[in-house]
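Peer 1: One structure is given below, represented as structure tokens, and several questions about it will come after.
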Amino acid sequence: MFHAVFVFSALASALVAHAQSFGSPLPAADAMFPLILRTPYFNSWVGITESSLDLALYVWPSFWDSTIIDWCGMIRIDKNSTYQWLGKAFQPGLSIDLTNISVTATSTTFHITAGPMDLNVSFISPIEPSNLAWQSLAFGYISVDASANDGQPHTVQIYSDITGVPWASPFYGTSDMNWTTYTADPTMMYHQIEPLSPVPMSEFHDLAQDATVYYGMAARPGITWMSDTDTIPRARFYTTGTLPNTTLSVANATDATGHQSVSAFAISIDLGDIVETNGSVVWAFGMVRDPAVTYVAEDGSQQQRSPYWRSQFETPQEAISALLQDYPNGVNRWGNINDNICSGTIVPLKDDFLNCDQLMLLALRQAVGGTELTIGGSSDNQWNTSDVKMLMKDLGSSGRVNPVEGLYASFPAFLYLNASYGGYLLEPVFEFAASSRWSYPYAPRDIGLQYPNATGNNASHSQGVEQSGNMLIMALAHARTSGDGSLISGYYGLLKNWADYLISNTLPLSDGQEDADGQSGNSTNLSLKGIIAIKAMSAISDVCNVPADSAHYANVSSVYAKIWQSEAISSSSPPHVLAHFGDENSWTLAYNLYADKLLQSNVIDQDPSSTGGAATASASHKPKLGPIIGGTIGGVGGLLLLIAAVILWGRYRQHRRQNLPPQAGAVAEQPTHPLSSDLASSTASLEPKIDPTAMRHGGGEYLPSSPEPAPALIASTTNIAPAVSVPARETLMSVDTAAPHLVSQG
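What follows is the structure in structure tokens.
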């Protein structure tokens, strides 16, 4: 599953990163480190083992599914010693010493000693919370900084190449490619490689068959380049340290049998005699797919949606030039993201042996790297900047489009970065559910069976409680955090139908209900999610000025919550949360309590005096790590959700300490991530005047519930972390904002 891949890789890498950050030995076991992660089709990793640290980077990088990426890097020192810092272009010669690895939210840096020179080789995956055009560009950077460890000047030449395999030749190098080298712009040069016969909107082994890749560098003294059969430019640099600025034609790369040789597209730089580099040596590496996705809109019309950057740049050449020129400014922006996450982490978790800082940084990069930000066109053939949709692929498993459980697992990360991104992810699901293609009373699981084709999936499923609960919780969280009430007002009838479905199927769970992991049975966690989602509908109704509905859903959730607490808590001493109703031998990590705290709904009484600590404990004693992680992963999105929860709560507590509460009716700015002008709509009022006859309902007319006595609301609909506040309502009560404790403290 999409989020399970994130969980496992982030967890393993964080354990390694923890050891490094405290000066302990490098990997004690095989570990995969992310290089560039930008989209479902453009991501790369490298595996490192303890057994051969002197050859640590003497390995080809790989795609997420282990497909080899033909990508090479070398440094030549004093005209007689060549070291490889990436790839296996030659048999091992001079060894390098990998001294450390630094991981941030946007980069992985390998600290290397190559003879008399120390290198910092960084692979950078930009994250742009407030610039949709930058975020939608599937480009990253490779930067190299070098300094002499003996204090003496040395002649230094640096090289890197790609072959286009597997990006532009997804059939593992057996499909032909076309290429060109662009040198007309005096400010830069780049290689462009693409399939000779692209197949739009199609995959082969999870690799796009319609991708064009680019490898470029800003103009600077000493730059040389070459494209030729892969062994030729590599050997040329190895022996001479320069390249001849020549391009092998496509025709000359084809042998008598009609097959192409594997060609390398290389760029090198001669730095001359230096003690240290005067500015980083930077390559831009990226992929362009335009259109990016096929999308069927709510009215049934089919769209070929482009990456959002097309609204800002006419051509890839313009975008690459802007990327290369922006690098120095970008370094500061990306560093701020990293600093903000680390400064917002709850202090006790900083000292946890899992090193939660590193875990969160890795999870954020992977969550964003599984998406593409797209734009639609208008009737006059202009880009419609108000038609923005973000599409996510279920990596590592089904390949589904916008898997709702995947959105839910990663949603806190998007709320933290820019809550409007959450809306761009949710709207495609709402549009599909409101269309005539979806006729079930519960929320869909996804909007397409195979990325990048978001053409709908109208099959019934057994995760009605899971996915309906996910959508209600995310809809309210997005509205509160962004200040944008358009989704909850525009799709009020649909949300109401899902809430009614939850009332009928949550407690007790109806037969056959499964969670996102496909586990069935009397799951206390699944019921808990349904109860919290019903309460979320109460808050949505309140904001949308339907008081009778608000009272109705609040009353139901209150009754259900009392039943849940009486049935889901063990009778043992000390008590714990059961995994299954009635099974005293079971236990679980009640990770869905996070949604209760995120929404500040206080559906479940988490006061230890009333539950014996059961609702906040995972077991009867201080839990061991293995069972906790196992239970969380067994619940699918739990671990990633908790990672993001730490980010959100840390930022929220910092916000609470540093800022006075906003005045009623005010919309506060998000201090660390101001929204761009493209996102101005995200501060729209959350007090829409609802016309029930105009609501999109997705099956059955909407009719307001009959008035019922309204109990005092437990939850607040004021701001949640990190957050843009919602206009305050006079009838609401404040809540305890203490961070959730989801495991026993012993």
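Numbering-wise (UniProt numbering), the sequence shown opens with residue 1 and increments by one.
Built from N, CA and C at the ideal position, the CB exists for glycine as well.
At the level of alpha carbons, what is the spacing between SER527 and VAL556?
Peer 2: Locating residue 527 in the sequence shown gives position 527, where the first residue counts as 1. Locating residue 556 in the sequence shown gives position 556, where the first residue counts as 1. Whole-angstrom Cα-Cα distance: 13 Å.
Peer 1: Among all the DSSP beta bridges, which residues are the ones paired with ASN384?
Peer 2: Counted from its first residue, the sequence shown places residue 384 at position 384. ASN384 is bridged to GLY376.
Peer 1: Leaving out the 5 sequence neighbours to the left and right, which residues in its chain are closer than 6 Å to THR672 when beta-carbon positions are compared?
Peer 2: As a first step, residue 672 must be located in the sequence shown, where it is residue number 672. Unreliable placement is indicated for THR672, whose pLDDT of 31 sits below 50; the coordinate value is still reported in the next sentence. ASN340.
Peer 1: Answer yes or no: do GLY406 and ASP394 have a C-beta to C-beta separation smaller than 7 Å?
Peer 2: Counted from its first residue, the sequence shown places residue 406 at position 406. Counted from its first residue, the sequence shown places residue 394 at position 394. Contact flag set, yes.
Peer 1: Comparing alpha-carbon positions, which option in PHE33, LEU449 and SER268 lies nearest TYR295?
Peer 2: Numbered from its first residue, the sequence shown carries residue 295 at position 295. Taking only the C-alpha atoms, the option nearest TYR295 is LEU449.
Peer 1: Could you check whether the segment 232 to 252 touches the segment 271 to 291, counting it as contact only if at least three pairs of C-beta atoms, one from each stretch, sit closer than 8 Å?
Peer 2: The segment 232 to 252, when compared against the segment 271 to 291, does not touch it at the 8 Å Cβ threshold.
Peer 1: Would a C-beta distance cut-off of 7 Å place ASP206 and ASP65 closer than the cut-off?
Peer 2: Translated into positions along the sequence shown, residue 206 becomes position 206. Translated into positions along the sequence shown, residue 65 becomes position 65. In contact: ASP206 and ASP65 (Cβ atoms closer than 7 Å).
Peer 1: Using DSSP bridges, identify the partner residues of VAL213.
Peer 2: Taking the sequence shown and counting its residues from 1, the one referred to as residue 213 is at position 213. Its beta-bridge partners are ILE193 and MET287.
Peer 1: Using a Cβ-Cβ cutoff of less than 7 Å, which residues in the same chain neighbour TRP45 once the five nearest sequence positions on both sides are dropped?
Peer 2: Position 45 of the sequence shown, counted from the first residue, corresponds to residue 45. For TRP45, where only same-chain residues beyond five positions count, the Cβ hits under 7 Å are MET32, PHE33, PRO34, LEU35, PRO61, SER62 and TRP64.
Peer 1: Following the continuous beta strand (DSSP E) through ASN585, name the residue where it begins and the one where it ends.
Peer 2: As a working mapping, residue 585 is identified with position 585 in the sequence shown. Careful: ASN585 lies outside any beta strand (DSSP E) and carries neither H nor E.
Peer 1: Per the DSSP calculation, PHE123 is bridged to which residue(s)?
Peer 2: For this step, residue 123 is matched to residue 123 along the sequence shown. According to DSSP, which records beta bridges pairwise, PHE123 is partnered with THR108 and ILE142.
Peer 1: Whole-angstrom Cβ separation of MET177 and GLU194, contact assumed at under 8 Å?
Peer 2: As a position in the sequence shown, residue 177 is number 177, starting the count at 1. As a position in the sequence shown, residue 194 is number 194, starting the count at 1. Correct: roughly 7 Å between the Cβ atoms.
Peer 1: Between ILE112, ILE142, ARG220 and ALA89, which has its C-alpha nearest THR99's C-alpha?
Peer 2: Translated into the one-based positions of the sequence shown, residue 99 becomes position 99. The shortest C-alpha separation from THR99 is found at ILE112.
Peer 1: Helix, strand or coil for HIS576, going by three-state DSSP, please let me know.
Peer 2: To locate residue 576, count along the sequence shown from 1; it is residue 576. In the structure shown, HIS576 sits in coil (DSSP, three-state: anything other than H, G, I, E or B).
Peer 1: What distance in whole Å lies between the Cβ atoms of SER436 and ALA536, which are believed to be in contact at a cut-off of 8 Å?
Peer 2: The count along the sequence shown starts at 1 and reaches residue 536 at position 536. The count along the sequence shown starts at 1 and reaches residue 436 at position 436. With a Cβ gap of about 27 Å, ALA536 and SER436 do not count as contacting.
Peer 1: Out of ASN120, GLY115 and ASN131, which one is the CA nearest neighbour of ASP150?
Peer 2: Here residue 150 refers to the residue found at position 150 of the sequence shown. Nearest C-alpha to ASP150: GLY115.
Peer 1: Under three-state DSSP, which class holds GLN467?
Peer 2: For the purposes of this step, residue 467 is identified with residue 467 of the sequence shown, where counting begins at 1. Of the three classes helix, strand and coil, the one that applies to GLN467 here is helix, per DSSP.
Peer 1: Could you check whether GLY140 and PHE285 sit closer than 7 Å to each other, using their CB atoms as the reference points?
Peer 2: If you number the sequence shown from 1, residue 285 lands on position 285. If you number the sequence shown from 1, residue 140 lands on position 140. In this structure, GLY140 lies closer than 7 Å to PHE285 by Cβ.
Peer 1: Identify, in the order they occur along the chain, each residue of the same chain with its Cβ nearer than 8 Å to the Cβ of ALA148, setting aside the five sequence neighbours on each side.
Peer 2: By one-based count along the sequence shown, residue 148 stands at place 148. Result list for ALA148: PRO116, MET117, ASP118, HIS154, ILE274, VAL275 and GLU276, in chain order.
Peer 1: From this set, ASN458, ARG400 and TRP334, which residue's C-alpha is nearest VAL293's C-alpha?
Peer 2: Within the sequence shown, the letter at position 293 stands for residue 293. Selected option, being the one with the closest Cα: ARG400.
Peer 1: For LEU196, is the classification buried or exposed, using 16 other Cβ atoms within 10 angstroms of its Cβ as the cut-off for buried?
Peer 2: To locate residue 196, count along the sequence shown from 1; it is residue 196. Classification for LEU196: exposed.
Peer 1: Looking only at C-alpha atoms, which of SER486, GLY490, ALA454 and ARG445 sits nearest to HIS461?
Peer 2: The residue you call residue 461 lines up with position 461 of the sequence shown. It is ARG445 whose Cα lies nearest to the Cα of HIS461.
Peer 1: According to DSSP, is LEU391 helix, strand or coil?
Peer 2: As a first step, residue 391 must be located in the sequence shown, where it is residue number 391. Correct three-state label for LEU391: strand.
Peer 1: Could you tell me whether the segment 293 to 313 touches the segment 232 to 241, where touching means 3 or more Cβ pairs closer than 8 Å?
Peer 2: The segment 293 to 313, when compared against the segment 232 to 241, does not touch it at the 8 Å Cβ threshold.
Peer 1: Can you round the beta-carbon distance between ILE447 and VAL429 to whole angstroms, since I take them to be within the 8 Å contact cut?
Peer 2: Within the sequence shown, residue 447 is the residue found at index 447, counting from 1. Within the sequence shown, residue 429 is the residue found at index 429, counting from 1. About 6 Å separates the two Cβ atoms, so the contact holds.
Peer 1: For LEU94, count neighbouring C-beta atoms within 10 Å of its own C-beta (all shown protein chains included) and say buried if the count is 16 or more, exposed if not.
Peer 2: In the sequence shown, the residue the question calls residue 94 occupies position 94. Exposed.
Peer 1: Helix, strand or coil, according to DSSP, for SER398 in the structure here?
Peer 2: Residue numbering aside, residue 398 sits at position 398 when the sequence shown is read from its first letter. SER398: coil per DSSP, three-state reduction.
Peer 1: Do ASN505 and ASN592 count as a contact pair if the criterion is CB distance below 7 Å?
Peer 2: Position 592 of the sequence shown, counting from 1, holds the residue named residue 592. Position 505 of the sequence shown, counting from 1, holds the residue named residue 505. For ASN592 and ASN505, no; Cβs fall outside 7 Å.
Peer 1: So is ALA184 buried or exposed if we call it buried at 16+ other beta carbons inside 10 Å?
Peer 2: Here residue 184 is taken as the residue at index 184 of the sequence shown, counted from 1. That one is exposed.
Peer 1: Can you give me the C-alpha to C-alpha distance between SER169 and ASP290, rounded to a whole angstrom?
Peer 2: The sequence position of residue 169 within the sequence shown is 169, counting from 1. The sequence position of residue 290 within the sequence shown is 290, counting from 1. Going by the C-alpha atoms only, they are around 17 Å apart.
Peer 1: Specify the secondary structure class of CYS342 as computed by DSSP and reduced to three states.
Peer 2: In the sequence shown, the residue the question calls residue 342 occupies position 342. Reduced to three states, the DSSP call for CYS342 is helix.
Peer 1: Can you give me the Cβ contacts of LEU57 inside the same chain, cut-off strictly under 6 Å, excluding the 5 residues immediately before and after it?
Peer 2: Numbered from its first residue, the sequence shown carries residue 57 at position 57. Cβ within range, chain order: TRP85 and LEU86.
Peer 1: Taking TYR215 as the reference, give the member of MET74, ILE320 and LEU137 with the closest Cα.
Peer 2: Taking the sequence shown and counting its residues from 1, one reaches residue 215 at position 215. Of the listed residues, the one whose Cα sits closest to TYR215 is ILE320.
Peer 1: Find the nearest neighbour of ALA105 within the set LYS79, ASN80, PHE90 and LEU37, judged by alpha-carbon distance.
Peer 2: Counting from one through the sequence shown, the residue named residue 105 turns up at place 105. Here the closest residue by C-alpha is LEU37.
Peer 1: To the nearest angstrom, how far is it from the Cα of GLY300 to the Cα of LEU391?
Peer 2: Taking the first residue of the sequence shown as 1, we reach residue 300 at position 300. Taking the first residue of the sequence shown as 1, we reach residue 391 at position 391. Approximately 18 Å between the Cα atoms of the pair.
Peer 1: Let's see if you can read the secondary structure: which residues bound the beta strand (DSSP E) around ASP273?
Peer 2: Along the sequence shown, one-based indexing puts residue 273 at 273. Taken as a continuous stretch (DSSP letters only), the beta strand (DSSP E) holding ASP273 covers 263 to 274.
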